[in-house]
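A.B. asks: Let me begin by handing over the structure; questions about it come next.
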Amino acid sequence: MAVKSSFRAAVFASASLSVLACALPAAAQEASQPAQADDGAVGDIVVTARRRDENLQTTPVSATVLSGDNLLQQNIRSFQDIRGAASNLELVPTPSGGTSFTVRGIGQVNDQVNNDAKTGLYINEMYVARQEGNDLSFFDVESIQVLKGPQGTLFGKNTTAGAVLLTTVKPTDQTEGYFQVRAGSYKRIDTEGAINAPLADNLFGRLSFRTQNVDGFTKHLLGDGRSNNIDNKSVRGQLRYEGTRLTVDLLGEYNQSNTDGGADIMLGCDPTASYIQNYDALHQVPYCTRYAPLGKDNLVYGGASLSLPTSSAVTDVAVGGDANSTTNRQVGKPAFNDTSVFTLNNRMTYAVTDDIDLRSITTYRRSRARYYSPVNQAPDDIYAEYDDTITNQFTQEFTLGGSSLDKRLNWVAGLYYSDQKTSLLQDTGPDWIDPLGYIYDGKVRYKSYAAFAQASFKITPRLEVTAGLRYSHDRKSGSSYVFYAGNGASYVDNAGVTQQCGWFVGDFLGGLKNCAGAPFTASDSGSWSSVDPKFQIGYEWSDAIYTYATAAHGYNAGGFNQQLGGQPADGRFLSSYNPEKLWSYEAGIKTNLFDRRATINLAGFYQKYSDIQSQVIVNIGGIPTNQLQTAASASQKGFEAEVVLRPVRDLQIRGNFAYIDQKYDSIRPGALITLDTPLGTTPDYTFSAAISYTYHVGNSGTLTPSMDVRGMGKRPACQLSDPVRYECDLPAYALVGFRLDYVPSDDSLWTLGLYGTNIFDKTVYLGRTGFAYGQGIDHYTPGRPAEFGVEARVRF
């Protein structure tokens, strides 16, 4: 019903929008958007998908591109808002304050210490190795480009699924800037601004900032607290030197987020689950009676705070042995998520000749995400977890590229190195599955080396062939410390009675002093290599029609599972997984029709995905744990359609539609999946559409109303194990938003706007657990409700 009602609203808003949403939407929006031609035709879209400026309509790649103006018009303020706006791109929020990207069904949502992203995120050409804090750089943006398919022959870190390129505005030789303030629902006050100025001959500077402050939309039944607030602050400083042949861009950025960590909404309680039964053994009132589902969106009990044990060492039946323990950590803290990111980025370009450039990209990034996340946001919660993840990464890339043979040959060759160090501390304290507490301290060091090259040759002015090759060598080393198990011994309590340590009540009553066992430790290392080719052919049939075909190979390094359920005899990790591989085949057509009034791009793809690193839930010592295993091979096929229409000068329509069909072809013996297991949580289809019309008012003022709709189909959720299966689907949805922007005159420095997002207040499930992990709580992660507000922007 959510999809149908949202489409009806869109139809009511505009017949043109309805036609667009039901037809073959979405073309790339302008990354670099020049002024429209005098006749109002669709302007050229400039992309850097092949490491040089090119017109998207003659570039052999499927890409969705959003300029800074496009982001503003569609109320896109973070990666989460792009959901549906880019074809075949799924974005899932992670507990560590970041976003996981899935392109064409390939992605990784688990943010454990040794899991690798399969879609590469590049912020100002810096590869972002980890998910934590990757959603904190969304201000003063020039463009976002989403490239589909393997991109390893052009970009530093090889990526199996594709690449997301975020580029911010660079310094110029002009004295200028802007300031923007937004006020809206839930006491939202957002500010953003930048100042740009020449500092000396050939030296320019730019200082940008952003703040976001929004009250939570999830209410607490007990007290007046709220969850799902936003509190972000960012600052970015840049220097740009433009010499005769040398250009240097130096960037430093700091991002800080301090929130309540969010809250999931409880849907059900299972009294037979192991967590629930352990709780009930030590309480007079059963958990599912005391904390029954509330049955309302955006309402939780509230009052969850971290103590050891997580829920309490003192119950109305007994006192745990770790009550008032001196080993307690994080005592009394409410749910929180504190994420910080510091970045240094130095890009240098030297013009060796007029046609050949030598480039160096040197980056350093440090991220830290600390968060405490209770399951049920209740005073006596069934489970909660404190995590502290720190990543330091250094990358260095050199490329030499340009054109030769009277510009018929365009080429680039590069060397790449990255060094990533990540540590993860996971501490639940004694809870209702681990009576003595659970501590997992994992560390990994990941070094990657690569050499890559790609060349495009125009056999004729309209026929171009491209070939590329990449060599990758990856090495990982890691160590783990895990404590949670009891020793099974007997002890004498304070009353002189002999008691037995044991799962669950015995260990709870005895505590660490009497029942603690030895921790488990292990370390290991491994290395993997791959050679990955790419082939393309493109033909420009006319100035209005371009076709292409691509075959590309992608690879993702192997690894090992670092969570332990026992002490390995040889001190090495008990399980590992192989590299996964992907052959991606794509063909597309790009058109400029009706005197450039319509840009329509279509792409179809087929992918053969082998040695898949499947995420499964494995019981380790009675604890359900996320693990990776080399499990299967699969095939994926689908198509993407993107369109920009400009029927008359002041009317503009954009949209996209994407469809994917994917299934397992074969399963490895012993793998915890079947042929009927969904390949992932990607929806079958995604779509978006947007329409705007500019009214001319007064002498030279403009009033521009716009409306957009973004949505996706149902997605598998509620993952269970043995074998892996999905017990529920996240419902399909379509969200409608609008804007109304007023500019007093063509030389005015002011712009005023009204906006609304999810204006029909649809309930959105971003994720759902089902009764997994033995916790006995089925809960979902909510999307943001309806929000309305005003904006003011001034240029100077």
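The working numbering applies: residue 1400 is where the sequence shown begins, and numbers increase by one. Every residue gets a Cβ at the ideal spot worked out from N, C-alpha and C, and that includes glycine.
(1) Using CA coordinates, which residue listed in Ala1894, Tyr1785, Leu1824 and Gly1901 is at the minimum distance from Leu1835?
(2) Kindly identify the DSSP beta-bridge partner or partners of Arg1529.
(3) Can you tell me the Cα-Cα spacing of Ala1425 and Val2189, whole angstroms?
(4) Quick one: what's Glu1541 bridged to in DSSP?
(5) Need the endpoints of the beta strand (DSSP E) that Phe2195 sits in, please.
(6) Touching or not, the segment 1918 to 1934 and the segment 1875 to 1892, by the rule of three or more beta carbon pairs under 8 angstroms?
(7) Excluding sequence positions up to five away, which residues of its chain have a Cβ less than 7 angstroms from the Cβ of Thr2168?
(8) Just the Cα atoms here: how many angstroms apart are Gln2051 and Ala1516?
(9) Is Ile2059 near Arg1503, with beta carbons less than 8 angstroms apart?
(10) Can you tell me which of the three DSSP states Thr2228 falls into?
(11) Tell me whether the beta-carbon of Gly1561 lies closer than 8 angstroms to the beta-carbon of Thr1949.
(12) I'd like to check one pair, Phe1972 with Asn1991: are the Cβ atoms closer than 8 angstroms?
(13) Put Thr1558 into one of helix, strand or coil per three-state DSSP.
(14) For Glu1429, which residues of its own chain have a beta-carbon under 6 angstroms away from its beta-carbon, when the five flanking residues on both sides are left out?
(15) Should Pro2181 go down as buried or exposed, given a rule of 16 or more other Cβ atoms within 10 Å for buried?
(16) Hey, could you find the ends of the alpha helix (DSSP H) Ser1673 is sitting in?
(17) Would you check if the distance between the CB atom of Leu2044 and the CB atom of Gln2061 is smaller than 8 angstroms?
(18) Buried or exposed for Val2096, please, with buried defined as at least 16 other CB atoms from any protein chain shown within 10 angstroms of its CB.
(19) Run the CB neighbour count on Ala1434, radius 10 Å, all protein chains shown included, and call it buried at 16 or more, exposed below.
(20) Whether or not the segment 1817 to 1832 and the segment 1772 to 1788 are in contact is what I'm after, with contact meaning three or more pairs of Cβ atoms, one per stretch, closer than 8 angstroms; do they touch?
(21) For Asp1805, is the classification buried or exposed, using 16 other Cβ atoms within 10 angstroms of its Cβ as the cut-off for buried?
(22) Measuring straight from C-alpha to C-alpha, what distance separates Pro2082 and Ala1915?
(23) Considering only residues of the same chain and omitting the five flanking positions on each side of Ile1838, which have a CB-CB separation below 6 angstroms?
(24) Could you check if Ala1768 is buried or exposed, using at least 16 other CB atoms within 10 Å of its CB as the buried criterion?
(25) Whole angstroms are fine: how far does the CA of Arg1844 sit from the CA of Ser1817?
(26) Mark Thr1738 as exposed unless 16 or more other C-beta atoms lie within 10 angstroms of its C-beta, in which case mark it buried.
(27) Could you check whether Asn1595 and Asp1630 sit closer than 8 angstroms to each other, using their CB atoms as the reference points?
(28) Terminal residues of the continuous alpha helix (DSSP H) containing Gln1472?
(29) From the DSSP output, in three-state form, read off Lys1912 for me.
(30) Taking the straight line between their C-alpha atoms, what separation do you get for Asn1533 and Arg1449?
(31) Pop quiz: Ser1461 and Glu2039 are said to be a contact at Cβ under 8 angstroms. What is the actual Cβ separation, rounded to whole angstroms?
(32) Is it buried or exposed for Asp1994, if we count other Cβ within 10 angstroms and need 16 for buried?
(33) Just to confirm my understanding: we take Tyr2005, look at its own chain, exclude 5 residues before and 5 after, and list those with CB closer than 6 angstroms. What are they?
(34) Considering only residues of the segment 1821 to 1897, which uninterrupted beta strand (DSSP E) runs meet the minimum length of 3 residues and lie entirely inside it, listed in chain order?
(35) Give me the residue from Thr2024, Asn2157, Glu1524 and Thr1458 with the minimum Cα distance to Arg1758.
(36) Of the choices Arg2183, Tyr2008 and Asp2064, whose alpha-carbon is the least far from that of Gly1506?
C.D. replies: This is what the structure holds:
(1) The shortest C-alpha separation from Leu1835 is found at Gly1901.
(2) Within the DSSP secondary-structure output, Arg1529 pairs in no beta bridge.
(3) Residue placement at Ala1425 is poorly supported in this model, since its pLDDT is 33, which falls under 50; the coordinates still yield a value, given next. Taken atom to atom, the span from the alpha-carbon of Ala1425 to that of Val2189 is near 28 angstroms.
(4) Per DSSP, Glu1541 has no beta-bridge partner at all.
(5) Judged by DSSP secondary structure, Phe2195 falls outside any beta strand (DSSP E); it is assigned neither H nor E.
(6) A contact is defined here as three or more CB-CB pairs under 8 angstroms, and the segment 1918 to 1934 meets this definition with respect to the segment 1875 to 1892.
(7) Listed in chain order, the non-local C-beta contacts of Thr2168 below 7 angstroms within the same chain comprise Cys2117, Asp2177 and His2178, local neighbours out to five positions each way being set aside.
(8) Rounded to whole angstroms, Gln2051 to Ala1516 spans 36 angstroms at the Cα level.
(9) Yes, the Cβ-Cβ distance between Ile2059 and Arg1503 is below 8 angstroms.
(10) With the chain covering 1400 to 2195 only, the question about residue 2228 has no answer from this structure.
(11) No.
(12) 8 angstroms or more divides the Cβ of Asn1991 from the Cβ of Phe1972.
(13) Three-state DSSP puts Thr1558 in coil, outside helix and strand.
(14) Per-residue confidence for Glu1429 stands at a pLDDT of 36, beneath the threshold of 50, marking its modelled position as unreliable; the derived number appears in the next sentence. Taking Glu1429 as the centre and dropping the five residues before and after it, the same chain places the C-beta of Ile1444 and Ser1466 closer than 6 angstroms to its C-beta, in chain order.
(15) Of the other Cβ atoms in all chains shown, 16 or more fall within 10 Å of the Cβ of Pro2181; this residue is therefore buried.
(16) Taken as a continuous stretch (DSSP letters only), the alpha helix (DSSP H) holding Ser1673 covers Ser1673 to Ala1680.
(17) With respect to the 8 angstroms criterion, Leu2044 and Gln2061 are not classified as neighbours on the basis of their beta carbons.
(18) Counting Cβ neighbours within 10 Å, Val2096 comes out exposed, since fewer than 16 surround it.
(19) Only weak support exists for where Ala1434 lies, its pLDDT of 39 falling under 50; the value from the coordinates is given anyway. The residue in question, Ala1434, is exposed, as its Cβ has fewer than 16 Cβ neighbours within 10 Å.
(20) Cβ pair count under 8 angstroms is three or more, so yes.
(21) Within 10 angstroms of the beta-carbon of Asp1805 lie fewer than 16 other beta-carbons, which makes it exposed.
(22) One Cα belongs to Pro2082, the other to Ala1915, and the distance between them is close to 45 angstroms.
(23) So the list reads Asp1826 and Phe1882, once near-sequence residues are dropped.
(24) Buried: at least 16 other Cβ atoms inside 10 Å.
(25) Note on geometry: alpha-carbon atoms of Ser1817 and Arg1844 lie some 10 angstroms from one another.
(26) Counting every other CB atom within 10 Å of its CB across the protein chains shown gives Thr1738 a total of 16 or more, marking it as buried.
(27) No, the pair does not count as a contact, with Cβ atoms beyond the cut-off.
(28) Membership of Gln1472 in the alpha helix (DSSP H) is indicated by the continuous run Gly1467 to Gln1472.
(29) Correct three-state label for Lys1912: helix.
(30) When only Cα atoms are considered, Asn1533 and Arg1449 end up about 23 angstroms apart.
(31) The beta carbons of Ser1461 and Glu2039 sit about 6 angstroms from each other, so the pair counts as a contact at 8 angstroms.
(32) With fewer than 16 Cβ atoms within 10 Å of its Cβ, Asp1994 is classed as exposed.
(33) Close CB contacts of Tyr2005 within its chain, under the 6 angstroms cut and outside five residues either way in sequence, are with Tyr1984 and Lys2036 (chain order).
(34) Listed in chain order, the complete beta strand (DSSP E) runs (minimum 3 residues) inside the segment 1821 to 1897 are 1838 to 1857, 1862 to 1882 and 1889 to 1891.
(35) Residue Glu1524 is the option with its Cα nearest to Arg1758.
(36) The residue with the shortest Cα to Cα distance from Gly1506 is Tyr2008.
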